[in-house]
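Each residue of the sequence shown is one higher than the last, beginning at 16 in this note's numbering. Backbone N, C-alpha and C define an ideal beta-carbon position, used for all residues, glycine too. Each remark here refers to the structure printed beneath this line.
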Amino acid sequence: MNKDQEDNGDVTIQEFDLQKYPKILKEFLTTEWDMVDTEHFGEVTRLYSKKRFIFVVRNQATKKIVGYAVLETNMGVATIESVVFKKLENIEDLGRDLIKHIIGEARKKECHVIKLETGTHWQSREMYEELGFKIRAVLPDYYGDQEHVLMDMRLRGGFSEEV
16 MNKDQEDNGD
26 VTIQEFDLQK
36 YPKILKEFLT
46 TEWDMVDTEH
56 FGEVTRLYSK
66 KRFIFVVRNQ
76 ATKKIVGYAV
86 LETNMGVATI
96 ESVVFKKLEN
106 IEDLGRDLIK
116 HIIGEARKKE
126 CHVIKLETGT
136 HWQSREMYEE
146 LGFKIRAVLP
156 DYYGDQEHVL
166 MDMRLRGGFS
176 EEV
């Protein structure tokens with residue numbers, strides 16, 4: 016048994032490559048998990064409902080892409096995966112407009128929370144806070160020696176701020 020496997024009686028736990036074997040997990044989710052889902056929630060909720068959306072910012076005159084962001088949603092949780100812009104004078108305004116748009120899209124998709132990570136000392140962190148995101152965790156040495164923060168924003172009521 017290698018270090019990535021742990022024997023538990025007649026059961027083996029090992030790392031699984033979802034890219035190589037997607038049908039095996041899908042089969043499990045549509046048989047075994049559906050039964051557990053119904054028992055826990057009273058209905059089938061589709062655990063594996065992950066979707067990705069790409070939002071592109073284009074220059075109207077040149078039609079060239081000047082920025083983009085990736086939003087991932089899964090089970091009511093939206094995650095801003097990346098936000099990338101070309102170096103521009105009005106980058107802060109464009110970034111703010113893009114994030115506001117993404118927040119609106121996450122609400123339309125009935126997400127209850129939206130989360131992201133960003134550099135502790137990056138200007139974007141201040142913008143996220145101004146838009147309503149809260150710092151939930153500090154991630155030291157996240158990229159090399161740079162400290163980042165994990166932030167989120169509640170999109171629907173009924174949540175406690177305490178963890």
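Short Cβ contact (9 Å threshold) for residue i with residue j
| i | j | result |
| --- | --- | --- |
| Y83 | V71 | yes |
| E120 | M142 | no |
| V128 | L170 | yes |
| K65 | T88 | yes |
Which listed residue (the options) has its alpha carbon closest to that of residue i
| i | options | result |
| --- | --- | --- |
| D160 | R111, L146, T135 | T135 |
| N74 | I118, R140, N105, S139 | N105 |
| I150 | L86, M168, Y157, D156 | M168 |
| M90 | R122, E145, K38, S139 | R122 |
| K101 | F68, I118, I80, F31 | I80 |
| I118 | I28, F68, D25 | F68 |
Cβ separation of residue i and residue j, assumed to be a contact under 8 Å, to the nearest whole Å
| i | j | result |
| --- | --- | --- |
| L131 | I95 | 4 Å |
Sequence-distant residues of its chain with Cβ nearer than 6 Å to residue i (five each side left out)
| i | result |
| --- | --- |
| M166 | L131, Y143, F148, I150 |
| K124 | T88 |
| V164 | T135, I150, V153 |
| V98 | A84 |
| L162 | Contrary to the premise, residue 162 reads as Glu rather than Leu in this sequence. If we look at E162 and ignore the five residues flanking it on each side, its Cβ neighbours are T135, P155. |
Buried versus exposed call for residue i [16 or more other C-beta atoms within 10 Å across all chains shown]
| i | result |
| --- | --- |
| L113 | buried |
| I39 | exposed |
| Y158 | exposed |
| T133 | buried |
Nonlocal neighbours in the same chain, by C-beta distance under 7 Å from residue i, ignoring five residues either side
| i | result |
| --- | --- |
| G110 | V98, F100, S139, M142 |
| F31 | none |
| Q34 | none |
Close beta carbons around residue i, own chain, < 8 Å, minus the five adjacent residues each side
| i | result |
| --- | --- |
| L146 | R111, I114, K115, I118, M168 |
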